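If you want the working numbering, it's the 1-based position in the sequence shown plus 1354. Written below as structure tokens is the structure these notes are about.
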Amino acid sequence: MYVPPEWPAEVRPPSVPDWETSAVAWLLDAVPPDYRAYEVLRRHPVALAAMARHHVKSAVEAARAGYRAAAVDLKGHLPPHAIEAVLDTYREEGPRLVRLSRSIEVVERALRGDMFTATMRPEGRAHRPRPAPTGRDRTGPNRPDQP
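In structure tokens:
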């Protein structure tokens, strides 16, 4: 069975029996540890996926806001090289969170019963669905793949 490129390696493909168990374990690793205390989330993986999607989406937005504010917030409290290191951390963490968000979305779709099909693309051109432009500047921290 085809799974999209965003499919996490830790989750078995939907064609495998009991794949949802690996999806639940992976999703629980993507959210705060306290989520493990809620049996309803283990019993209803779609609910867990929806909560994980919202949680990670808010983390992406928080990383973007933190990146934009870090230099001002930390000026006078950290030396310039430490501020730059903090910004580097945001530059790494932001894209990781965006990738995680995309992976959660495809797992959620599969949990809801969506089937994935491979589509042919011209040689050398990979297809990656992108969100519609929002009018924001697409450089720096406002790019979809940056914090």
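Backbone N, C-alpha and C define an ideal beta-carbon position, used for all residues, glycine too. Since we're looking at a predicted model, the values are computed, not measured.
By the DSSP assignment, the alpha helix (DSSP H) with residue i in it spans what residues?
i, result
"Asp1442", "Pro1434 to Leu1465"
"His1408", "Pro1399 to Leu1428"
"Asp1383", "Trp1373 to Ala1384"
Is the beta carbon of residue i sitting closer than 8 Å to the one on residue j?
i, j, result
"Val1410", "Ser1369", "no"
"Ala1377", "Leu1451", "no"
"Val1461", "Val1394", "no"
"Tyr1444", "Ala1417", "yes"
Cα separation between residue i and residue j?
i, j, result
"Asp1386", "Leu1402", "One point to set straight first is that residue 1386 is Pro, not Asp, in the sequence displayed. Rounded to whole angstroms, Pro1386 to Leu1402 spans 12 Å at the Cα level."
"Val1504", "Pro1449", "The structure shown does not extend to residue 1504, since the chain spans only 1355 to 1501, so no value can be given for it."
"Ala1363", "Val1414", "21 Å"
"Glu1471", "Ile1437", "The sequence given here has Thr at residue 1471, not Glu. Computed Cα separation, rounded: 45 Å."
"Pro1433", "Ile1458", "37 Å"
"Glu1374", "His1398", "10 Å"
"Gly1420", "Thr1473", "37 Å"
"Arg1390", "Asp1442", "31 Å"
"Ala1423", "Asp1372", "44 Å"
"Met1405", "Tyr1392", "12 Å"
"Trp1361", "Asp1388", "25 Å"
"Arg1407", "Val1400", "10 Å"
Residue i: beta carbon under 7 Å from a heavy atom of the ligand NAD?
i, result
"His1431", "With respect to the ligand NAD, the structure offers nothing, as it holds no ligand at all."
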